[in-house]
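Chemist: Once you've had a glance at the structure underneath, I'll fire off some questions.
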DNA sequence: AAAAATGGTGCAATCGGTTGCAAGGCATTT
DNA sequence: AAATGCCTTGCAACCGATTGCACCATTTTT
């Protein structure tokens, strides 16, 4: 089916090496042979077989992109950015959907079979052991949206979740809410626990304000809604820090059920600042996570690992900031 | 870095062929050698290099998954389903993000370089020429969410957009709306035009009901909102068929700006029935598109093409149905 | 004009597998 | 006991590329 090097070489009347070199940037070919080869290649519609060349070069330009987060709308933006950033640099994303998978072994084997040059673990809910498993198998890895503290062995890119928790707490306190709650993602996700920790730490400076905690079953609309409905059935706090915009939006829908107006009746602050949060009738006050910078940095790091395989592991942490919209009451 | 066939053969004390055959289902190996090889393989942590074997077998199990639709939340579901369906069958999705790309040539070359076994074009806005380009390059292709009429050369899986247009028109008429409008996606998308055609055809049976048409710039929230704001500034119809749920949701947000209640003040019916449309405070009446069936059928078709490369092209069209929620007024 | 440096080219080995073919081993048949 | 057939195995060629090395033709230096 495909045209091969050999056929081009035959048509151009040169050796296979010459053809190979024509398509290898930086190789030594004279203008004359290059012209002959390019003419023949165009005529035949030749393009080099990347997989065959990977055999000798040891590079496939394939990057494993693994995630388990296909229900949070923020991941539309994440996938869009990742796929574009990778292909802009001539790298190809090989997607692995890890939903319902708890064991790294399978994906490690699978991605090694395809000789990926590196792996990006894009998830805040996969345990650090996943990234670690790739590292141990000798595959360069960066954990995007990962936790820096517990994985000093792999590259991590993301935000300081503890600091975000503090930031949310400060914001709620500054609005004068008399009781606050944390409504986090799944309790086994490091991101959910770190955000809680920061929130609790900061609230400890305000002992007169009671703090409650709860965790939704997933980072999803339904989980956020269900958890907020449960809270509303009891004795809810005056304001909540939801661990993710999608939880916030679920919570907002629960408030609507009870005829409560976000902001004035119950305050909500989210985290992520995804596109949807800007929608007029959601209009969520939230902590902006710089997705674009995080993804660019992740891909940068991938490229650098390809150049320097034994690169010393590093955490790239980006600051977040509060985006004020309509779901918190004004400062007194 | 990786363990090779040769090393396993050496350790097991057999030829390379024996090792290869042990890992090739259906090859002839005695129980004894198989045992020796498997022991050695486990000891070394060997797993075969899929790319190297593709050289001789001509199969990579790589499937190009190309789309330009990273702003419509329905694609979260689409990507989730596609990646899972593919990997369940031992196939690997290689994603190509075609946003802002108008020329098929690049992606064709790129995917041929990686010797993908087949390509899935998952988009209702990419012109048929994309799928066609892969077909012409000798790459098996299925166009999911494609238009069956104009691409008899490639496999198409999806819905009958014209019929959906009719269905929407019938629904609006049955609710007794005295004027109706079509608010479609980008005018160069076949899906937008086909839905319009069906809508117009059906409305022709009701000449007393005036019909208007407009097209949003994209299948996106912002585009739907902007277009509806424009309509509201003039003399809006009593009900609209929006060519996609995401347009509907944008339109709903525009209604909210004007203090209009969907259903009673202005009717909206969408198309897709994405997860979000079920959210309580969206609660969109819409036409359900059977995403799961469409994707399963697409992957089935891919598998069948791998077995029978010269398969006669075929269209698999799935019926849709109206899901009644809260954005149309009740039947009189 | 001779010697040295430079740049271009082809040969052949190699990457990690697969597979057609022929030979060997063993059990079954006559 | 010889002949037949079936399995199993290893050899060696091949898949489509890359690359170290040696060789050759130029050009530059002296």
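Chains as they are written, first to last, in the numbering used here: chain A, 96 to 427; chain B, 96 to 427.
For glycine and all other residues, C-beta sits at the position ideal for the given N, C-alpha and C.
Note that the structure is a prediction, hence the values are computed from the model and not measured.
With 8 Å as the C-beta to C-beta threshold (strictly closer), list the residues of the stretch 121-146 of chain A near chain B in chain order.
Modeler: Going along the stretch 121-146 of chain A in chain order, one finds 142, 143, 144, 145 and 146 with a Cβ nearer than 8 Å to chain B.
Chemist: Tell me which residue opens and which closes the alpha helix (DSSP H) that residue 428 of chain A is part of.
Modeler: This structure leaves residue 428 of chain A out entirely; chain A is present only between 96 and 427.
Chemist: Since residue 188 of chain A and residue 158 of chain A are thought to touch, with beta carbons under 8 Å apart, how far apart are those beta carbons, to the nearest angstrom?
Modeler: Position 93 of the first chain, counting from 1, holds the residue named residue 188 of chain A. Position 63 of the first chain, counting from 1, holds the residue named residue 158 of chain A. About 6 Å separates the two Cβ atoms, so the contact holds.
Chemist: Would you report the Cα separation of residue 407 of chain B and residue 248 of chain B, rounded to the nearest angstrom?
Modeler: Locating residue 407 of chain B in the second chain gives position 312, counting from the first residue. Locating residue 248 of chain B in the second chain gives position 153, counting from the first residue. Taking the straight line joining both Cα atoms gives about 8 Å.
Chemist: Taking contact to mean at least 3 C-beta pairs separated by less than 8 Å, is the stretch 264-283 of chain B in contact with the stretch 297-307 of chain B?
Modeler: Contact between the stretch 264-283 of chain B and the stretch 297-307 of chain B is present, because at least three Cβ pairs lie under 8 Å.
Chemist: Evaluate residue 308 of chain B with the Cβ neighbour count: other Cβ atoms within 10 Å of its Cβ, from every protein chain shown; 16 or more gives buried, anything less gives exposed.
Modeler: On the second chain, position 213 is the one that residue 308 of chain B refers to. Classification for residue 308 of chain B: exposed.
Chemist: Is residue 199 of chain B helix, strand or coil when you go by DSSP?
Modeler: Position 104 of the second chain, counted from the start, is the residue given in the question as residue 199 of chain B. Residue 199 of chain B: helix per DSSP, three-state reduction.
Chemist: What does DSSP give as the partner residue(s) for residue 307 of chain B in the beta ladder?
Modeler: For the purposes of this step, residue 307 of chain B is taken as the residue at position 212 of the second chain. BP columns for residue 307 of chain B point to B/276.
Chemist: Nearest chain B C-beta to residue 386 of chain A closer than 9 Å, yes or no?
Modeler: Counting from one through the first chain, the residue named residue 386 of chain A turns up at place 291. For residue 386 of chain A, the answer is no, since every Cβ of chain B falls outside 9 Å of its Cβ.
Chemist: For residue 218 of chain B, would you say it is in contact with chain A, using Cβ-to-Cβ distances shorter than 9 Å as the test?
Modeler: Here residue 218 of chain B refers to the residue found at position 123 of the second chain. Closer than 9 Å: no.
Chemist: Could you name the residues of the stretch 350-363 of chain A whose beta carbon sits closer than 9 Å to any beta carbon of chain B, in the order they occur along the chain?
Modeler: Hits within the stretch, in order: 351 and 352.
Chemist: Can the beta-carbon of residue 311 of chain A be found closer than 9 Å to that of residue 278 of chain A?
Modeler: Position 216 of the first chain holds residue 311 of chain A. Position 183 of the first chain holds residue 278 of chain A. Contact: yes.
Chemist: Please list, in chain order, all residues of the same chain as residue 324 of chain A whose beta carbon is under 8 Å from its beta carbon, the five residues on each side excluded.
Modeler: Indexing the first chain from 1 puts residue 324 of chain A at position 229. Correct list, in chain order: 349 and 352.
Chemist: Would you grab the beta carbon distance between residue 128 of chain A and residue 211 of chain A for me? Rounded to a whole angstrom, and I think it's under 8 Å.
Modeler: Within the first chain, numbered from 1, the residue matching residue 128 of chain A stands at position 33. Within the first chain, numbered from 1, the residue matching residue 211 of chain A stands at position 116. The Cβ separation is near 34 Å, so there is no contact.
Chemist: State the start and end residues of the unbroken beta strand (DSSP E) segment that holds residue 253 of chain B.
Modeler: For the purposes of this step, residue 253 of chain B is taken as residue 158 along the second chain, with counting starting at 1. Residues 250-254.
Chemist: Along the stretch 312-341 of chain A, where does the CB come closer than 8 Å to a CB of chain B? Name the residues.
Modeler: Residues passing the 8 Å Cβ filter: 316 and 320.
Chemist: Is residue 327 of chain B helix, strand or coil when you go by DSSP?
Modeler: Locating residue 327 of chain B in the second chain gives position 232, counting from the first residue. Residue 327 of chain B falls in the helix class under three-state DSSP.
Chemist: Of all the options B/317, B/284, B/412 and B/269, which has the alpha carbon lying nearest to the alpha carbon of residue 427 of chain B?
Modeler: Here residue 427 of chain B refers to the residue found at position 332 when the second chain is read from its first residue. Here the closest residue by C-alpha is B/269.
Chemist: Is it right to say residue 404 of chain A is buried, meaning 16 or more other beta carbons lie within 10 angstroms of its own, or is it exposed?
Modeler: As a working mapping, residue 404 of chain A is identified with position 309 in the first chain. It is exposed - the Cβ of residue 404 of chain A has fewer than 16 other Cβ atoms within 10 Å.
Chemist: Would you be able to state if there are at least three C-beta pairs under 8 Å between the stretch 204-221 of chain A and the stretch 211-224 of chain B?
Modeler: The stretch 211-224 of chain B is not in contact with the stretch 204-221 of chain A.
Chemist: Does the beta-carbon distance from residue 381 of chain A to residue 340 of chain A come in below 9 Å?
Modeler: Residue 381 of chain A sits at position 286 when you count from the first residue of the first chain. Residue 340 of chain A sits at position 245 when you count from the first residue of the first chain. For residue 381 of chain A and residue 340 of chain A, yes; Cβs fall inside 9 Å.
Chemist: Per DSSP, what kind of secondary structure is residue 229 of chain A in: helix, strand or coil?
Modeler: Within the first chain, residue 229 of chain A is the residue found at index 134, counting from 1. Reduced to three states, the DSSP call for residue 229 of chain A is helix.
Chemist: My output table needs one value for residue 282 of chain A: the three-state DSSP class, helix, strand or coil.
Modeler: If you number the first chain from 1, residue 282 of chain A lands on position 187. Reduced to three states, the DSSP call for residue 282 of chain A is coil.
Chemist: Listed in chain order, which residues of the stretch 185-197 of chain A have Cβ atoms closer than 8 Å to some Cβ of chain B?
Modeler: Of all residues in the stretch 185-197 of chain A, 187, 188, 189, 190, 191, 192 and 194 have a Cβ within less than 8 Å of some Cβ in chain B.
Chemist: Quick one, are the C-beta atoms of residue 372 of chain B and residue 343 of chain B less than 9 Å apart?
Modeler: Locating residue 372 of chain B in the second chain gives position 277, counting from the first residue. Locating residue 343 of chain B in the second chain gives position 248, counting from the first residue. It is a contact, given that the beta carbons lie within the stated cut-off.
Chemist: With residue 132 of chain A as the anchor, note down where its alpha helix (DSSP H) starts and where it stops.
Modeler: Within the first chain, numbered from 1, the residue matching residue 132 of chain A stands at position 37. That run of the alpha helix (DSSP H) goes 126-139.
Chemist: I need the DSSP call for residue 415 of chain A, collapsed to helix, strand or coil.
Modeler: In the first chain, residue 415 of chain A corresponds to position 320, counting from 1. Three-state DSSP puts residue 415 of chain A in coil, outside helix and strand.
Chemist: Which one or two residues does DSSP pair with residue 336 of chain A in a beta bridge?
Modeler: Residue mapping note: residue 336 of chain A aligns to position 241 of the first chain, counting from 1. In the DSSP output, where bridge partners are listed per residue, residue 336 of chain A has A/277 and A/364.
Chemist: Mind checking who residue 239 of chain B pairs with in its DSSP beta bridge?
Modeler: Here residue 239 of chain B refers to the residue found at position 144 of the second chain. According to DSSP, residue 239 of chain B bridges with B/217 and B/252.
Chemist: Taking 9 Å as the CB-CB cut-off, is residue 100 of chain B touching chain A?
Modeler: Residue 100 of chain B sits at position 5 when you count from the first residue of the second chain. So, not an interface residue.
Chemist: Could you work out which residue in A/284, A/421, A/264 and A/260 is closest to residue 223 of chain A when comparing CA atoms only?
Modeler: The sequence position of residue 223 of chain A within the first chain is 128, counting from 1. It is A/284 whose Cα lies nearest to the Cα of residue 223 of chain A.
Chemist: Output needed for residue 428 of chain A: all residues of its chain with C-beta closer than 8 Å, excluding positions within five of it in sequence on either side, in chain order.
Modeler: Residue coverage of chain A in this structure runs from 96 to 427, which leaves residue 428 of chain A outside it and unanswerable.
Chemist: Whose C-alpha, out of B/259, B/261 and B/240, is nearest the C-alpha of residue 251 of chain B?
Modeler: Taking the second chain and counting its residues from 1, one reaches residue 251 of chain B at position 156. Selected option, being the one with the closest Cα: B/240.
Chemist: Bridge partners of residue 158 of chain A, per DSSP?
Modeler: One-based indexing of the first chain puts residue 158 of chain A at position 63. Answer is A/188 and A/213, bridged to residue 158 of chain A.
Chemist: Taking Cβ-Cβ distances shorter than 9 Å, what residues in chain A pair up with residue 166 of chain B?
Modeler: Within the second chain, the letter at position 71 stands for residue 166 of chain B. Going along chain A in sequence order, the residues near residue 166 of chain B (Cβ under 9 Å) are 171, 172, 175 and 370.
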